[in-house]
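Numbering (full-length UniProt numbering), first residue to last: 1 to 104. The beta carbon of each residue, even a glycine, is placed where N, CA and C say it ideally should be. Down below is the structure, laid out as structure tokens.
What follows is the structure in structure tokens.
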């Protein structure tokens, strides 16, 4: 399965558009991370635990988008986009979406 942020897959021709493929996840912070990251926030620097949390959430959303595209018998997903938003105090949603296509 190929993902691309462009409208086409380089070197391939799109045969058919199959619809929107999407995947999302909601991840929450935990108390242990909040304590360590609060200290890091005071001293400065990257909040690595939060970076890792969002990286995991993006990866999970992409995997779910891939599964959705595979359920449509897609070969690729074009125009892939990722968005995140706060869904609850301490929780963040990440969604991945794009157009599932079959290739010639």
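Problem set entry | Validate contact between the segment 15-25 and the segment 63-83 using beta carbons, cut 8 Å, 3 pairs | yes
Exercise. With C-beta atoms as the reference, is residue 49 less than 8 Å away from residue 94?
Worked result: no
Exercise. Among 63, 100 and 99, which residue has its Cα nearest to the Cα of residue 25?
Worked result: 63
Exercise. Whose C-beta lies closer than 6 Å to the C-beta of residue 96 among residues of the same chain, with five residues either side of it excluded?
Worked result: 23, 61, 62, 65 and 82
Problem set entry | Nearest-angstrom beta carbon gap, residue 76 and residue 7 [assumed within contact, 8 Å] | With a Cβ gap of about 11 Å, residue 7 and residue 76 do not count as contacting.
For this session: For residue 100, count neighbouring Cβ atoms within 10 angstroms of its own Cβ and tell me buried if that reaches 16, exposed if not.
Result: buried
Exercise. How big is the Cα-Cα spacing for residue 104 and residue 52?
Worked result: 37 Å
Exercise. Would residue 98 be called buried (16 or more neighbouring beta carbons within 10 Å of its own) or exposed?
Worked result: buried
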